[in-house]
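A.B. asks: Sharing a structure with you now.
Residue numbers (this note's numbering): 116 to 342.
This is the structure we're talking about:
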């Protein structure tokens, strides 16, 4: 999975990091990173929701026939003068055959407890959006599904620009799933981008393809949801 490094300078966290400015680098998950990424996932989700190993395996497939869906798992690494710490990860895919048209699907997003509420989740979302512009210029939107009882995560996504487009009853067993979408306009006009298409209420009430539970997206701002 070839992804460009994405660097962001952030202020040090009082009592946890050094007094110097730290740098967050976003890069693909490597073999050596899997254990730490799984630990972040286990901290954020229930056993039934832990699927990052499957996402990573999918990300290493380079082809799969005409219905192949490219999958990516990228992580945020906080580099300090003495150490590099994996702070969170995002699993996402490009779905050119989705019912809601060509879209970027944010499947999972989690941030380690000690690094929440400092902008890591927002930076991961921005990374996905910017990489989508580069790698998949024909993509029209980003989409995800979040628990209806996860108001903090919904607030995070709405601040980023996502809007609610659908509700999936009992999507998370006894909890409804709220579908959110963000229209991808692109960083600047380009002859390579697909012309913008206007849809009612951003994307109307179009429902997404209901396949395997690989369509989940979860946020870390609430105890069992992690971004």
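Beta carbons are placed, not taken as given, at the ideal position from N, Cα and C, and that holds for glycine.
Buried or exposed for residue 173, please, with buried defined as at least 16 other CB atoms from any protein chain shown within 10 angstroms of its CB.
C.D. replies: buried
A.B. asks: According to DSSP, is residue 250 helix, strand or coil?
C.D. replies: helix
A.B. asks: Just how far apart, CA to CA, sit residue 262 and residue 245?
C.D. replies: 25 Å
A.B. asks: Just the Cα atoms here: how many angstroms apart are residue 157 and residue 272?
C.D. replies: Approximately 22 Å between the Cα atoms of the pair.
A.B. asks: Whole angstroms is fine: what's the gap from residue 319's alpha carbon to residue 154's?
C.D. replies: For residue 319, the predicted structure reports a pLDDT of 37, less than 50, and the residue's modelled location is therefore unreliable. A value from the coordinates is still provided. Each residue's Cα considered, the two are about 38 Å apart.
A.B. asks: Should residue 169 go down as buried or exposed, given a rule of 16 or more other Cβ atoms within 10 Å for buried?
C.D. replies: exposed
A.B. asks: Within 7 Å: the Cβ of residue 268 and any heavy atom of the ligand MN?
C.D. replies: The ligand content of the structure shown is nil, which means the ligand MN is not present either.
A.B. asks: If you measure between the beta carbons of residue 226 and residue 235, is that distance less than 8 Å?
C.D. replies: Result yes, Cβ atoms of residue 226 and residue 235 sit closer than 8 Å.
A.B. asks: I need the DSSP call for residue 294, collapsed to helix, strand or coil.
C.D. replies: Strand, per DSSP.
A.B. asks: Around the Cβ of residue 277, are there at least 16 other Cβ atoms within 10 angstroms (buried) or fewer (exposed)?
C.D. replies: Counting the other CB atoms within 10 Å of its CB gives residue 277 a total of 16 or more, which places it among the buried residues.
A.B. asks: Alpha carbon to alpha carbon, how far is residue 239 from residue 185? Give it in angstroms, no decimals.
C.D. replies: Taking the straight line joining both Cα atoms gives about 18 Å.
A.B. asks: Residue 207 and residue 190: beta carbons closer than 8 Å?
C.D. replies: no
A.B. asks: Can you tell me whether residue 228 is buried or exposed, with buried defined as 16 or more other CB within 10 angstroms of its CB?
C.D. replies: exposed
A.B. asks: Look up residue 277 in the DSSP assignment and say whether it is helix, strand or coil.
C.D. replies: coil
A.B. asks: Considering just the uninterrupted stretch of the beta strand (DSSP E) at residue 173, what are its terminal residues?
C.D. replies: Segment 167–174 is the alpha helix (DSSP H) holding residue 173; no beta strand (DSSP E) there.
A.B. asks: Ordered along the chain, which non-local residues of its own chain (more than five positions away) have a Cβ less than 7 Å from that of residue 171?
C.D. replies: 144, 149, 188
A.B. asks: Tell me where the alpha helix (DSSP H) around residue 151 begins and ends.
C.D. replies: 149–159
A.B. asks: Roughly how many whole angstroms lie between the Cα atoms of residue 257 and residue 232?
C.D. replies: 22 Å
A.B. asks: How should residue 249 be labelled, buried or exposed, when 16 other C-beta atoms within 10 angstroms of its C-beta is the threshold for buried?
C.D. replies: exposed
A.B. asks: When DSSP builds the beta bridges, which residues end up paired with residue 203?
C.D. replies: Note: residue 203 sits in a beta bridge opposite 191, 226.
A.B. asks: Distance, Cα to Cα, residue 241 vs residue 267?
C.D. replies: 18 Å
A.B. asks: How many Å lie between residue 292 and residue 146 at the Cα?
C.D. replies: Within the model, the alpha-carbon separation for residue 292 versus residue 146 is close to 32 Å.
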